[in-house]
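One structure is given here, and the rest of the page talks about it.
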Amino acid sequence: MLTGPNVILALKVAVGAVTVLLLLSLLALARGNYRLHGRINLAFFTLTLLALLGFEVIVRMLRPDIFDYIMANPELKQALNIHLCFAVPSAVLMPAMLYTGLTHRRTIHLTLAAIFSSLWLGTFVTGIFFLPHTEVLR
Ligand code: HEM
């Protein structure tokens, strides 16, 4: 059923899955396999983009009212806003990560990597632990 909590649950699973990929890409990096790091992150980028696009289609086109219950609840609204403070900038940085990686602009890639890692950690923690994926009782 296409409900707000179900969409949130699906996103939590998606974020968990791509985070495993990101960690694997760092493992490859630690072993000196830059090429594998790049290949895994190409998958990380593509899957994250697809999840984001699917999500946008649901909440903007199919069911624009799906998160009204969050907007009507000040605590949930704040939790969502804090989550977006991490999620939106990390999504913006992703194409830059891919570009600087593919073109071997190492210093910029590593500088962005530090910022991206903090933003992704924030996205993960605020998304998985602070957004409700069950029916919210009023
Ligand atoms: C989060 C921590 C990350 C660190 C510390 C990191 C670090 C590095 C380093 C040291 C290289 C080698 C650069 C060179 O060849 O001069 C590299 C390459 C690359 N990185 Fe990252 N990276 C990170 C995240 C990402 C992300 C999120 C993406 C994509 C969304 C990405 C995509 C790539 C690509 C495509 C390459 C080129 C691989 C190749 O040579 O075939 N990286 N990264």
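Just so you know, we're using numbering that gives the first Met the number 0 here: the sequence shown kicks off at 0 and counts up by one. Using N, Cα and C, we set each Cβ at its ideal position, and we do this for glycine too. For clarity, every value in this text was computed on a predicted model and none was experimentally measured.
Where residue i falls, given that 16 or more other Cβ within 10 Å makes a residue buried
i      : result
Ala29  : exposed
Phe43  : buried
Phe123 : buried
His103 : exposed
Met93  : buried
Met96  : buried
Ser117 : exposed
Val17  : buried
Residue i in three-state terms, based on DSSP
i      : result
Pro73  : helix
Asn32  : coil
Met96  : helix
His132 : coil
Leu41  : helix
Thr18  : helix
Range covered by the alpha helix (DSSP H) that runs through residue i
i      : result
Phe66  : Premise fails: Phe66 is in no alpha helix (DSSP H) and is neither H nor E.
Leu109 : Arg105 to Phe129
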